[in-house]
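Encoded as C-alpha cells, the structure appears first; notes follow it.
Protein chains in written order, with the numbering used here: chain A, 6 to 477; chain B, 94 to 202.
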C-alpha cells in the first residue's frame, strides 16, 4: 500500500502542477512527445515483437504510426485547456478541466502503440498517467514510456507526469486501480481486466474483447472484399481486436467467395485439419483463444497443429456449421484463422452474424461488404457493434484515421453490451471534465405562464401546453 | 392468427403464427394453446405432452410482444429439453429473443 501511496502522491503532485499549464504549454509537451515517439517507431516495434513474440514488426511500426502521428494530427488542434467554447446564443461557455491521475493498462498485443497513444491523450488533457504494462511486454512498454517521458520533461512537463508500475502482481495492480487518488482508469485488455477496472470503485473507461463478424453481401465486389479481409486479418498476424473473426456469405455466392480466397492464397482446412487447429487455438473449458497462438504466423500455427499447408498461405479458413461451444473456432482468435459460414439465404446469414456478434463480442465492431445501402443499414441496425465498417478492412477501419473519419484510437468503446460506458473511439474529449458556465437566459415561455394555472386542478395538459406555446 | 399442424406419428405439434403477436393477440393465444395442449394430452394429463416436440413457426410474424415471449417460455416448459424450437424467425425477431437472453433456451432458428 505504501508503494501505491507513493506512486499516487507523485502523480497528484504532477497533476497539481499540470493544471497550471495553458494550452500553448500543453501543446508544446504533446508535440515533443509525438516527435520523439514517431522517431522511435521502428526500434519500439522491433523491440515489442522481440519481447512478446507476437506479430510482425513492420505492422507494429504501422500501429506506432497510428498511435503517434495519426493520433497527434487528430488531437493537435483540439482545445483541451481552459475555455474551449463560448456560445453567445445559449449563453453557455465550456471550460475543460483535467481529471487527475489516470491509470492506464496496456495490452500485450499492441504494447508500445497503445502506451504512446494513451500518453498523448493524457498529456493533451493535462493528466498525469500511470502505466501498467502487460507482464510479457514490460520492457518495450517501459521503453516507449521512457522515450515519451524524457521528451515531455525536456518540453517542460511536470515531473512524474508519466510513471510505470512494476508488472507481475495482480494484487498490486488492483490496489492501484482502487486507490482513491486515481481519477480514471483507462483499461484496454481482456474481460477480466475490464471487470476489475469497473469494480474498483473508480471511474473507468474499459474496453473489452471483440468477435467481429463480416458479412459479404451478394452486391459486394467479391475479389476486392477478399483482398481487403486478407489485408486486415494478416495485419500484425491478426492481433487487432477489431480484426475479422468470421466471414458469412449466402449460399449463392459461397463458391465464388471460396475460390477467390483460394486464388488469393488462403487455405480452407479440411474437417480433420480444423479439429487439429482448434485443439491448439482454443482452450475448450474457458472457450477462449490460447495465448500461445496469438499473433503467430500461419506457418507457426500449422506447425504447432501438425498440418501441412501450401507455402505462402495467408489465412487458414475453417468451414463451420454453427456457433458456440460445439464449434470452438467460432470464438475470437487473434491470429490468422478465420471461421467461414455459408447460409442458405440472406436472413439466415444475418442471423448467424447476430449469433457470432453475441458470442463474446457485443458492442465491438462488425464489417459488411455490400454495394446496397439498404442492406448496409439493415445489417447495422441488427448488429450490436460500436463500429460497423463498410467495404473496409475491419482492423484498420475500426481503429480510425485511415479508411474513414473515425478518430484514430487504440481503445475502442463497446457500449454497455461490452460493459463499457461508451461506443466511441476513446480520445481526448473523454479525458476532460467539461464545466458549463451558464449565463442567465430566461425561458420566456415558462416565465410567461400564469403559474397559478399549475396549481389549478381544472387545467389539464392541453391547457398547459397552450399556455406554454402561446405568443405572449 | 395461427394454425396447428399435428403429426401424431412423430409426436410433433407445429404452430404456425401470422402477423403481429401483440399483447391482445397473445392473451387469446395463451388460452387457445392451453386447450390445444390439453386436447392432445391423453386423459387430459398434461405430462403426456412431455413426449411431444413443439415447433413455433414464425415465418409470417413481424412483431412479438413480451407476452408472446412468455407464451414461448410456457410452451418450452411443457416439453422435455431440446424438444421445443422456434423456426423461420426474421432477423429482427431473432434479435428480440437474443436481447431477452432466450434464443439459446428456446432454440430460435
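Note that beta-carbon positions come from the ideal geometry of N, C-alpha and C, so glycine has one too.
Neighbouring residues, chain B, relative to residue 363 of chain A (Cβ below 7 Å) | To locate residue 363 of chain A, count along the first chain from 1; it is residue 358. Chain B residues near residue 363 of chain A: 191.
Under 7 Å Cβ-Cβ, which residues of chain A neighbour residue 187 of chain B?
-> Translated into the one-based positions of the second chain, residue 187 of chain B becomes position 94. Identification of chain A residues near residue 187 of chain B by a Cβ-Cβ cut-off of 7 Å yields 356, 359, ordered along the chain.
Residue 185 of chain A, buried or exposed, once every other Cβ within 10 Å from all chains shown has been counted against 16 | Against the first chain, residue 185 of chain A aligns to sequence position 180. Exposed is the call here.
What's the C-alpha gap between residue 115 of chain A and residue 41 of chain A?
-> Working through the first chain from its first residue, we reach residue 115 of chain A at position 110. Working through the first chain from its first residue, we reach residue 41 of chain A at position 36. Distance between the alpha carbons of residue 115 of chain A and residue 41 of chain A: 18 Å.
Which ranges does the alpha helix (DSSP H) cover as unbroken runs of at least 4 residues, wholly within the segment 148-199 of chain B, from first to last along the chain?
-> For secondary structure counted as the alpha helix (DSSP H) over 4 or more consecutive residues, the segment 148-199 of chain B holds these complete runs in sequence order: 159-171, 184-192.
Using the C-alpha atoms, what's the distance from residue 423 of chain A back to residue 94 of chain A?
-> One-based indexing of the first chain puts residue 94 of chain A at position 89. One-based indexing of the first chain puts residue 423 of chain A at position 418. Residue 94 of chain A and residue 423 of chain A: Cα-Cα distance of roughly 38 Å.
Best match in A/6, A/275, A/224, A/129 for proximity to residue 381 of chain A [C-alpha to C-alpha] = Against the first chain, residue 381 of chain A aligns to sequence position 376. The residue with the shortest Cα to Cα distance from residue 381 of chain A is A/224.
Can you list the residues of chain A that residue 183 of chain B reaches, using a CB-CB cut of under 8 Å?
-> If you number the second chain from 1, residue 183 of chain B lands on position 90. For a Cβ distance threshold of 8 Å, residue set 352 of chain A lies close to residue 183 of chain B, ordered along the chain.
Entirely enclosed beta strand (DSSP E) segments - the segment 359-430 of chain A, minimum 3 residues = Fully enclosed beta strand (DSSP E) runs of no fewer than 3 residues occupy 368-374, 390-395 of the segment 359-430 of chain A, in order along the chain.
Report the rounded CA-to-CA distance for residue 131 of chain B versus residue 470 of chain A, giving the unit in angstroms.
-> For the purposes of this step, residue 131 of chain B is taken as residue 38 along the second chain, with counting starting at 1. For the purposes of this step, residue 470 of chain A is taken as residue 465 along the first chain, with counting starting at 1. Rounded to the nearest angstrom, the two C-alpha atoms are 54 Å apart.
Using the beta-carbon count (16 or more within 10 Å), is residue 438 of chain A buried or exposed?
-> For the purposes of this step, residue 438 of chain A is taken as the residue at position 433 of the first chain. Exposed: under 16 other Cβ atoms inside 10 Å.
Compile a chain-ordered list of the residues in the segment 364-397 of chain A whose CB is closer than 7 Å to at least one CB of chain B.
-> 387
Three-state secondary structure (DSSP) of residue 249 of chain A | Within the first chain, residue 249 of chain A is the residue found at index 244, counting from 1. It is a strand residue.
Whose C-alpha, out of A/334, A/23, A/474, is nearest the C-alpha of residue 453 of chain A?
-> Taking the first residue of the first chain as 1, we reach residue 453 of chain A at position 448. Answer by Cα proximity: A/474.
Between the CA atoms of residue 143 of chain A and residue 344 of chain A - distance to the nearest angstrom | Walking along the first chain from the start, residue 344 of chain A turns up at place 339. Walking along the first chain from the start, residue 143 of chain A turns up at place 138. About 33 Å.
Quick one: any contact between the segment 393-401 of chain A and the segment 238-255 of chain A, if contact means 3 or more CB pairs under 8 Å?
-> yes
Would you kindly report the start and end of the unbroken alpha helix (DSSP H) that includes residue 227 of chain A?
-> In the first chain, residue 227 of chain A corresponds to position 222, counting from 1. Residue 227 of chain A -> alpha helix (DSSP H) spans 227-238.
For residue 332 of chain A, which beta-bridge partners are listed by DSSP?
-> Position 327 of the first chain, counting from 1, holds the residue named residue 332 of chain A. Residue 332 of chain A is bridged to A/329.
Throw me the rounded Cβ distance for the residue 304 of chain A and residue 274 of chain A pair, which I believe falls under 8 Å.
-> For the purposes of this step, residue 304 of chain A is identified with residue 299 of the first chain, where counting begins at 1. For the purposes of this step, residue 274 of chain A is identified with residue 269 of the first chain, where counting begins at 1. Incorrect: roughly 15 Å between the Cβ atoms, too far for contact.
Sequence ranges, alpha helix (DSSP H) only - wholly within the segment 150-202 of chain A, length at least 4 | Within the segment 150-202 of chain A, the complete alpha helix (DSSP H) runs of at least 4 residues are 175-182.
Look at the Cβ atom of residue 211 of chain A, then the Cβ atom of residue 193 of chain A, and state whether they are nearer than 9 Å.
-> Numbered from its first residue, the first chain carries residue 211 of chain A at position 206. Numbered from its first residue, the first chain carries residue 193 of chain A at position 188. It is a contact, given that the beta carbons lie within the stated cut-off.
Residue 467 of chain A versus residue 448 of chain A - alpha carbon distance | Within the first chain, the letter at position 462 stands for residue 467 of chain A. Within the first chain, the letter at position 443 stands for residue 448 of chain A. C-alpha separation (whole angstroms): 20 Å.
Smallest Cα separation from residue 217 of chain A: which of A/52, A/376, A/360?
-> As a position in the first chain, residue 217 of chain A is number 212, starting the count at 1. The shortest Cα separation from residue 217 of chain A among A/52, A/376, A/360 belongs to A/360.
Straight-line gap, residue 170 of chain B to residue 427 of chain A (C-alpha atoms, nearest Å) = Here residue 170 of chain B refers to the residue found at position 77 of the second chain. Here residue 427 of chain A refers to the residue found at position 422 of the first chain. Using only the alpha carbons, I get a separation of about 38 Å.
According to DSSP, what are the bridge partners of residue 134 of chain A?
-> Along the first chain, read from residue 1 onward, the residue named residue 134 of chain A stands at position 129. Answer is A/107, A/167.
What are the residues that DSSP puts in a beta bridge with residue 499 of chain A?
-> The question about residue 499 of chain A has no answer here: the residues shown for chain A are numbered 6 through 477.
In the DSSP assignment, find the unbroken alpha helix (DSSP H) run with residue 305 of chain A in it and report its ends.
-> Taking the first residue of the first chain as position 1, residue 305 of chain A is located at position 300. Counting along the chain, the alpha helix (DSSP H) containing residue 305 of chain A begins and ends at 303-310.
Contacts around residue 433 of chain A, its chain only, beta-carbon distance under 8 Å, and the 5 residues preceding and following it disregarded | Within the first chain, the letter at position 428 stands for residue 433 of chain A. Excluding residues within five positions, the ones whose Cβ falls inside 8 Å are 80, 83, 85, 126, 129, 130.
Distance, residue 368 of chain A Cα to residue 228 of chain A Cα | Numbered from 1 along the first chain, position 223 holds the residue referred to as residue 228 of chain A. Numbered from 1 along the first chain, position 363 holds the residue referred to as residue 368 of chain A. Answer to the nearest angstrom: the Cα atoms are 28 Å apart.
What is the DSSP secondary structure of residue 26 of chain A, reduced to helix, strand or coil?
-> Start at 1 with the first residue of the first chain, and residue 26 of chain A comes out as number 21. Coil.
Residue span of the beta strand (DSSP E) that contains residue 107 of chain B, given as start and end | For this step, residue 107 of chain B is matched to residue 14 along the second chain. That run of the beta strand (DSSP E) goes 105-114.
Could you tell me whether the Cβ of residue 162 of chain B comes closer than 9 Å to any Cβ of chain A?
-> To locate residue 162 of chain B, count along the second chain from 1; it is residue 69. No, residue 162 of chain B does not count as interfacial toward chain A.
To the nearest angstrom, how far is it from the Cα of residue 456 of chain A to the Cα of residue 97 of chain A?
-> Position 451 of the first chain, counted from the start, is the residue given in the question as residue 456 of chain A. Position 92 of the first chain, counted from the start, is the residue given in the question as residue 97 of chain A. C-alpha separation (whole angstroms): 27 Å.
Kindly identify the DSSP beta-bridge partner or partners of residue 464 of chain A.
-> For the purposes of this step, residue 464 of chain A is taken as residue 459 along the first chain, with counting starting at 1. DSSP lists no partner for residue 464 of chain A.
Evaluate residue 429 of chain A with the Cβ neighbour count: other Cβ atoms within 10 Å of its Cβ, from every protein chain shown; 16 or more gives buried, anything less gives exposed.
-> Within the first chain, the letter at position 424 stands for residue 429 of chain A. The residue in question, residue 429 of chain A, is buried, as its Cβ has 16 or more Cβ neighbours within 10 Å.
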